[in-house]
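Chains G and D supply the protein sequences, listed in that same order. If you count by our numbering, then the first sequence holds residues 1 to 514, one letter each, in order. If you count by our numbering, then the second sequence holds residues 1001 to 1449, one letter each, in order. Positions of the beta carbon are idealized from the N, C-alpha and C atoms, including for glycine. In what follows, a structure is listed as structure tokens, so that the remarks can point back to it.
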Amino acid sequence: MRGIQVIGLVLFLVGMLVFTTLPFLSSYRLTEALVQDQVNEIHREKLAELLQPMYGQSYPSSHAFLTAYSSNFDPYNEELKAKQAWDQVIWDDYGFALAKAAGEGPARSYPWTSLALSIGLVVLGGVLFQFAGSGSAHTSLAHTGVFHSSLKNRGVLGMLTGTYLIGFYVILYWFPAYLSPLVWMVEPIAQFLSGGPASQWFLYGLVYTLAIGVMGIRMVLKYRDNKYQQLRTASVVFFQTAFAFLIPEVLVLLNKPYFDFKNIWPLDYDFFYDYQIDTFISSGGLGLFMLIWGILLIVLGVPLFTYFYGKRWYCSWVCGCGGLAETVGDAFRHLSDKSLKAWKWERWMIHGVLALAVVMTTLTIVNYFSSFSLLGQVTNQLHSIYGFAIGSAFAGVVGTGFYPFMGNRVWCRFGCPLAAYLGLVQRFKSKFRITTNGGQCISCGNCSTHCEMGIDVRAYAQQGQNIVRSSCVGCGVCASVCPRGVLKLENGPEEGRIHEFPILIGNDSIKLRS
Amino acid sequence: MSTRHFVIIGNGVSGITFARHLRKGDAQARITVISGESPYFFSRTALMYVYMGQMKWEHTQPYEPHFWKKNRIDLKQAWVKTVDFETKSLVFESGETLNYDSLVLATGSKPAFFGWPGQQLKGVQGLYSKQDLETMEAITSQPIERAVIVGGGLIGIELAEMLTYKKIPVTFLVRENRFWEQVLPESEADLVQKHIRDHAIDLRLETEMKEILSDSNGNARAVVTSAGEEISCGFVGIATGVTPNVDFLKNSSLAIGKGVKINSYFESSLPDVYAIGDCAEFENPPGPGRRTIEQVWYSGRMHGETLAYNFCNTPVTYQPGVWFNSAKFFAIEYQTYGWVSPEPMDGVQDFFWAHRDGKVSFRMRLDQEGKVLGVLNLGFRLRHEFFDRAIREKWFGEKVMQELGKGVFDPEFYAPYYQEIQAAFQRQFGGAIVPSKKSFFQKLLGSSQ
Ligand SMILES: Cc1cc2nc3c(=O)[nH]c(=O)nc-3n(C[C@H](O)[C@H](O)[C@H](O)COP(=O)(O)OP(=O)(O)OC[C@H]3O[C@@H](n4cnc5c(N)ncnc54)[C@H](O)[C@@H]3O)c2cc1C
Ligand code: SF4
Ligand code: SF4
Chain G
1 MRGIQVIGLV
11 LFLVGMLVFT
21 TLPFLSSYRL
31 TEALVQDQVN
41 EIHREKLAEL
51 LQPMYGQSYP
61 SSHAFLTAYS
71 SNFDPYNEEL
81 KAKQAWDQVI
91 WDDYGFALAK
101 AAGEGPARSY
111 PWTSLALSIG
121 LVVLGGVLFQ
131 FAGSGSAHTS
141 LAHTGVFHSS
151 LKNRGVLGML
161 TGTYLIGFYV
171 ILYWFPAYLS
181 PLVWMVEPIA
191 QFLSGGPASQ
201 WFLYGLVYTL
211 AIGVMGIRMV
221 LKYRDNKYQQ
231 LRTASVVFFQ
241 TAFAFLIPEV
251 LVLLNKPYFD
261 FKNIWPLDYD
271 FFYDYQIDTF
281 ISSGGLGLFM
291 LIWGILLIVL
301 GVPLFTYFYG
311 KRWYCSWVCG
321 CGGLAETVGD
331 AFRHLSDKSL
341 KAWKWERWMI
351 HGVLALAVVM
361 TTLTIVNYFS
371 SFSLLGQVTN
381 QLHSIYGFAI
391 GSAFAGVVGT
401 GFYPFMGNRV
411 WCRFGCPLAA
421 YLGLVQRFKS
431 KFRITTNGGQ
441 CISCGNCSTH
451 CEMGIDVRAY
461 AQQGQNIVRS
471 SCVGCGVCAS
481 VCPRGVLKLE
491 NGPEEGRIHE
501 FPILIGNDSI
511 KLRS
Chain D
1001 MSTRHFVIIG
1011 NGVSGITFAR
1021 HLRKGDAQAR
1031 ITVISGESPY
1041 FFSRTALMYV
1051 YMGQMKWEHT
1061 QPYEPHFWKK
1071 NRIDLKQAWV
1081 KTVDFETKSL
1091 VFESGETLNY
1101 DSLVLATGSK
1111 PAFFGWPGQQ
1121 LKGVQGLYSK
1131 QDLETMEAIT
1141 SQPIERAVIV
1151 GGGLIGIELA
1161 EMLTYKKIPV
1171 TFLVRENRFW
1181 EQVLPESEAD
1191 LVQKHIRDHA
1201 IDLRLETEMK
1211 EILSDSNGNA
1221 RAVVTSAGEE
1231 ISCGFVGIAT
1241 GVTPNVDFLK
1251 NSSLAIGKGV
1261 KINSYFESSL
1271 PDVYAIGDCA
1281 EFENPPGPGR
1291 RTIEQVWYSG
1301 RMHGETLAYN
1311 FCNTPVTYQP
1321 GVWFNSAKFF
1331 AIEYQTYGWV
1341 SPEPMDGVQD
1351 FFWAHRDGKV
1361 SFRMRLDQEG
1371 KVLGVLNLGF
1381 RLRHEFFDRA
1391 IREKWFGEKV
1401 MQELGKGVFD
1411 PEFYAPYYQE
1421 IQAAFQRQFG
1431 GAIVPSKKSF
1441 FQKLLGSSQ
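Structural data, given as structure tokens:
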């Protein structure tokens, strides 16, 4: 078994190496025909002219190509900006499209082979590693060793992993052109699914889905005695694969709007943006259904499901961010900060983001109906600030890149406005709670240590007090790691759910508040 | 409200619970907690998890450092050498002194050693304190061919699990003919023993340690058993029980038996001196079936609560409720509520069910009339509140069985063992129980029993 595990690890690392190297194995040659092909009609003529000096040149790397592109294109935009000719500025970024069209390299010539040798090996190696590793370790050891691991306890490996992830996200959001060689190799899959070209987002979606899948296998093996963990893992894998990845692509194939039926505003912060609304309205019955479905989820789905099951129905059974956190992020859950101070920060930040999302969306909707008479410029600016700071930097770079530094739920805990909304319902109007088992707690602290949301579960358990916290995502790990069987996630009557005066069972001398 | 100076020796669960509750009831009192072991209260029960890399030391501390300041509980890390009960002052090892108005002794236990030849060698130790953890970490970070554990109880099995984590082969010597003989009935002990052996542990029943042999540097090198066998090993874990940590109080006017002698108000033989937790020895057992020394977490906590209450209200006697306890043997969890004696008893009816996979079991003891006395369960979780009530209200076994679904505390979607237990009970005792049926969902999930 150990041998197979080593093979798995080697395959995984080789795959990662190929994945990381492929973007460097590319060269570029731009022609006017390509520009005509890739650029929107309104900018076509201008760009064809600006990029003139590049035609016929060959560039040995994406960096060389993109530098040349910038040096020809940027001065034009800068000048317009200096003149404050805002409506003439070309806001669209053609760097990615042009790089993707103008490039050559093994990933383009041999997409399937490249795919197999990079992502394929990563997946295969990952699966082998999980399966071989699971045979030897007993389930009672499921959580041991995390603080002796360099990867899982902010050691060198953890730092490297975090840095790699952060780097990947920064490139993905702000320098996607560098990823175009990787996009080449998923092009055939995109063509097959949606009938259209692959974007960096398609690549990201595929990688994301595979990551949840492979690490989902790890979860199922790790918790092989725990049906709750297995079911919710299967659930997030399903929702990611079907709802987040496949269905939207197929919708595109059918000439329908790209839509993730399980994404809910305000996590889905652009749901009410004017271009979205226009798309819904102009797409016939299905488009209208999407709009109504999205609104129903917000006003009925969230309160109702959260009332009956707590926010876990979404955060650890359905959500894609949650799905990644619970699978890929599982190895880092204990790194969350449990201090009272962190809890204070958390409440300010997450409710702040919710407030921002509400304000922004209200403005957007008002504007939509007043055809941008009111604060149109401000709204646009808000959109771009929110998109940059929250949508990309917080949710992506910090949200995932910080797994090895601050645990797997940084975004869900400090930033996600939908989690804030779900949390308010969970705190004030829900049947969900974590029940503590009478006086059985020995204050060992396993629950608090492994709570990814940084909830000091022990503080409640040792007082015999139910845990009712807005942030609890119902992952159930506290209950599974507790060595004394003290914690149980339950949906029960609202009466007596919140213990103002908890009493520990066992002492008949007195009944006092702990 | 007083401005009395309360000094507590010992920052374990009993001393700290006392201090916290005293502060809640008395805003004025000056409170000082002393311990030589660690600056802050930590959870002794988590020592094994620190060793196994499942927690860090800081996670064992239930309260953040700022808690103590906010609640005006002064902490002092120092060893008390002697107490001068005449002048009401403590003398520290440094020579420093501290006066008290009321003294609460909460000094806990220490591992019991029984005078084996070689017990002072390096590599021979118990597991009780932070220092024990540190020495164990230091010794076992060297390559060790084998470890021997002596004593078949809860600490012994924790040691076995810890060493297994480090992949150190373990020989586990148990004097009795089964594991944890004072508590576990034979079938349960069998089940646990099988589980222990599943973890590749060399479990030797009815085997005692006679002697520990030394190498030329004063390190333990081997253990000689009662069977005359020599087992070479680099680490010897002593887990033959604990004894009250009261040596520094001996040879004073304070009455000491095994522990500090107290009455049911926690009052010692001297005025203004009290004892709680592991170090206290009641004159009379505090309740039917209870021992005079209770070395468990829960009792220490209840002692602390009750004594603090007594300082702030009309004093009451200590009356523990229905007994309960829990533990974990590698992956198998154990719980008990009420009294289940390890051996069958006259006039007590016995019901036992075990799952065919050999990792789950349930035992219930009933009196002659069929009323529940206690339960003992392995491999699944039961609800404290439910069984506390059933035992207190003396439910008939039949009623307990009828309602058993409500008494289960396993996570959602777990196999509904209680249905099989109900059916087994009905087979043995008859009666009108309607065993619960698998719900549609349970069938769908194939929640196999
Ligand atoms: C490894 C392990 C696992 C356990 N697991 C469980 C369990 O699962 N369930 C359960 O119910 N119980 C368990 N126990 C038992 C439980 O931890 C004890 O019953 C409990 O901690 C006793 O608390 P206490 O407050 O009486 O004393 P302690 O926690 O021992 O605190 C006493 C403190 O006083 C200090 N002290 C003593 N003398 C002096 C002095 N002269 N000067 C200064 N300081 C002094 C000691 O250093 C110590 O810090 C476990 C014990 C161990 C060792
Ligand atoms: S409290 Fe428990 S269930 Fe809730 S998030 Fe923390 S570990 Fe998960
Ligand atoms: S893990 Fe269980 S026993 Fe330990 S502190 Fe948490 S609730 Fe208490």
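Would you say residue 467 of chain G touches ligand 2, meaning its beta carbon is less than 7 Å from a heavy atom?
The residue given as residue 467 of chain G occupies position 467 in the first sequence. True, at least one ligand heavy atom lies under 7 Å from that Cβ.
Of the residues G/182, G/267 and G/211, which one's Cα is nearest the Cα of residue 198 of chain G?
What you label residue 198 of chain G is simply residue 198 of the first sequence in a count that begins at 1. Closest by alpha carbon: G/182.
Since residue 1388 of chain D meets chain G, which of its residues come closer than 9 Å, beta carbon to beta carbon?
Your numbering for residue 1388 of chain D matches position 388 in the second sequence. By Cβ distance, chain G contributes 438, 439, 505 and 506.
Examine the Cβ distances between the segment 1158 to 1167 of chain D and the segment 1265 to 1278 of chain D and report whether three or more of them are shorter than 8 Å.
No, because fewer than three Cβ pairs between the segment 1158 to 1167 of chain D and the segment 1265 to 1278 of chain D fall closer than 8 Å, the two stretches do not touch.
Would you mind telling me which residues of chain G sit closer than 7 Å to residue 1385 of chain D, beta carbon to beta carbon, in chain order?
Here the question's residue 1385 of chain D lines up with position 385 in the second sequence. Neighbours of residue 1385 of chain D on chain G, chain order: 438 and 505.
For residue 391 of chain G, verify whether its CB is less than 7 Å away from any heavy atom of ligand 2.
Here the question's residue 391 of chain G lines up with position 391 in the first sequence. Residue 391 of chain G: no, Cβ never under 7 Å from ligand 2.
Count the other CB atoms, across all protein chains shown, that sit within 10 Å of the CB of residue 240 of chain G; report buried if there are 16 or more and exposed otherwise.
Position 240 of the first sequence holds residue 240 of chain G. The residue is buried, with at least 16 neighbouring Cβ atoms inside 10 Å.
Reducing DSSP to helix, strand and coil, say where residue 1337 of chain D ends up.
Within the second sequence, residue 1337 of chain D is the residue found at index 337, counting from 1. Residue 1337 of chain D falls in the strand class under three-state DSSP.
Where residue 456 of chain G and residue 405 of chain G are concerned, what is the direct C-alpha to C-alpha distance, given to the nearest angstrom?
Your numbering for residue 456 of chain G matches position 456 in the first sequence. Your numbering for residue 405 of chain G matches position 405 in the first sequence. If you take the alpha carbons of residue 456 of chain G and residue 405 of chain G, they lie about 19 Å apart.
Does the count of Cβ pairs from the segment 1106 to 1113 of chain D and the segment 1244 to 1263 of chain D closer than 8 Å reach three?
Cβ pair count under 8 Å is three or more, so yes.
Which residue marks the beginning of the alpha helix (DSSP H) containing residue 1420 of chain D, and which one marks its end?
Sequence index remark: in the second sequence, residue 1420 of chain D carries index 420 (1-based). Element bounds for residue 1420 of chain D: 1417 to 1429.
Output the distance between the C-alpha atoms of residue 1288 of chain D and residue 1265 of chain D, rounded to the nearest integer angstrom.
Counting from one through the second sequence, the residue named residue 1288 of chain D turns up at place 288. Counting from one through the second sequence, the residue named residue 1265 of chain D turns up at place 265. Roughly 17 Å between the two C-alpha positions.
Less than 7 Å separating the Cβ of residue 324 of chain G from some heavy atom of ligand 4?
Absent from the structure shown: ligand 4. Ligands present: ligand 1, ligand 2 and ligand 3.
Name the residue from D/1251, D/1428, D/1369 and D/1375 whose alpha carbon lies nearest to the alpha carbon of residue 1082 of chain D.
Sequence index remark: in the second sequence, residue 1082 of chain D carries index 82 (1-based). Among D/1251, D/1428, D/1369 and D/1375, the Cα nearest to that of residue 1082 of chain D is on D/1251.
Could you check whether the Cβ of residue 1336 of chain D sits closer than 8 Å to any Cβ belonging to chain G?
Along the second sequence, one-based indexing puts residue 1336 of chain D at 336. Closer than 8 Å: no.
Flag this pair as yes or no: are the beta carbons of residue 1173 of chain D and residue 1150 of chain D separated by less than 8 Å?
Locating residue 1173 of chain D in the second sequence gives position 173, counting from the first residue. Locating residue 1150 of chain D in the second sequence gives position 150, counting from the first residue. The answer is yes: Cβ separation under 8 Å.
Can you list the residues of chain D that residue 552 of chain G reaches, using a CB-CB cut of under 8 Å?
Since the first residue of chain G shown is 1 and the last is 514, residue 552 of chain G is not available in this structure.
Which of the three DSSP states is assigned to residue 1010 of chain D in this structure?
Looking up residue 1010 of chain D in the second sequence gives position 10. Correct three-state label for residue 1010 of chain D: coil.
Against residue 1136 of chain D, what residues of chain G qualify as contacts under a CB-to-CB distance less than 8 Å, listed in chain order?
For the purposes of this step, residue 1136 of chain D is identified with residue 136 of the second sequence, where counting begins at 1. Within 8 Å Cβ-Cβ: nothing; residue 1136 of chain D doesn't reach chain G, min ~15 Å.
Residues in the same chain with beta-carbon distance under 7 Å from residue 1121 of chain D, minus the five sequence neighbours each way, listed in chain order, please.
Here residue 1121 of chain D is taken as the residue at index 121 of the second sequence, counted from 1. 1212, 1214, 1218, 1219 and 1220, listed in sequence order.
Between which two residues does the beta strand (DSSP E) carrying residue 1351 of chain D extend?
Taking the second sequence and counting its residues from 1, the one referred to as residue 1351 of chain D is at position 351. It spans 1349 to 1354 - the beta strand (DSSP E) in which residue 1351 of chain D sits, taken as one unbroken run.
To which residues of the same chain is residue 420 of chain G closer than 6 Å at the C-beta, ignoring the five residues directly before and after it?
As a position in the first sequence, residue 420 of chain G is number 420, starting the count at 1. Taken in chain order, the residues that qualify are 350, 351 and 354.
Assign residue 1368 of chain D to one of three DSSP states: helix, strand, or coil.
Reading the second sequence from its first residue, position 368 is the one you call residue 1368 of chain D. Correct three-state label for residue 1368 of chain D: coil.
How far does the beta strand (DSSP E) with residue 1232 of chain D in it reach, from first residue to last?
Working through the second sequence from its first residue, we reach residue 1232 of chain D at position 232. From DSSP, the beta strand (DSSP E) with residue 1232 of chain D extends over 1230 to 1232.
If you reduce the DSSP assignment to three classes, tell me which class residue 1211 of chain D lands in.
Along the second sequence, read from residue 1 onward, the residue named residue 1211 of chain D stands at position 211. Strand at residue 1211 of chain D.
Can you tell me which of the three DSSP states residue 1305 of chain D falls into?
As a position in the second sequence, residue 1305 of chain D is number 305, starting the count at 1. Note: residue 1305 of chain D maps to helix in three-state DSSP.
Of all Cβ atoms in chain D, is any one closer than 8 Å to the Cβ of residue 231 of chain G?
Along the first sequence, one-based indexing puts residue 231 of chain G at 231. Cβ-Cβ to chain D under 8 Å: yes for residue 231 of chain G.
So residue 237 of chain G is in the alpha helix (DSSP H); what residue range does that whole segment cover?
Position 237 of the first sequence, counted from the start, is the residue given in the question as residue 237 of chain G. That run of the alpha helix (DSSP H) goes 227 to 238.
Of the residues G/119, G/2 and G/49, which one's Cα is nearest the Cα of residue 538 of chain G?
The shown model of chain G, from 1 to 514, leaves out residue 538 of chain G, and the question about it has no answer.
How about residue 347 of chain G: is its C-beta nearer than 8 Å to some C-beta of chain D?
Numbered from its first residue, the first sequence carries residue 347 of chain G at position 347. By this cut-off, residue 347 of chain G is not an interface position.
When the cut-off is 8 Å and only beta carbons count, does residue 207 of chain G lie next to chain D?
As a first step, residue 207 of chain G is located in the first sequence; it is residue number 207 there, counting from the start. No, residue 207 of chain G does not count as interfacial toward chain D.
Could you give the C-beta distance for residue 1054 of chain D and residue 146 of chain G, rounded to a whole number, given that I count them as a contact under 8 Å?
Locating residue 1054 of chain D in the second sequence gives position 54, counting from the first residue. Locating residue 146 of chain G in the first sequence gives position 146, counting from the first residue. The pair is a contact, with the Cβ atoms about 7 Å apart (cut-off 8 Å).
What do you reckon, is the C-beta of residue 1332 of chain D under 7 Å from a heavy atom of ligand 3?
Here residue 1332 of chain D corresponds to residue number 332 of the second sequence, with the count starting at 1. No, since every heavy atom of ligand 3 falls outside the 7 Å radius drawn around the Cβ of residue 1332 of chain D.
Applying the 10 Å Cβ sphere with the 16-neighbour rule, what's the burial state of residue 1347 of chain D?
Counting from one through the second sequence, the residue named residue 1347 of chain D turns up at place 347. Classification for residue 1347 of chain D: exposed.
Output needed in chain order: residues of the segment 1226 to 1259 of chain D with a Cβ under 9 Å from some Cβ in chain G.
Listed by position, the residues of the segment 1226 to 1259 of chain D near chain G (Cβ gap below 9 Å) amount to none.
Would you say residue 295 of chain G touches ligand 2, meaning its beta carbon is less than 7 Å from a heavy atom?
Here residue 295 of chain G refers to the residue found at position 295 when the first sequence is read from its first residue. Result no, Cβ not under 7 Å from ligand 2.
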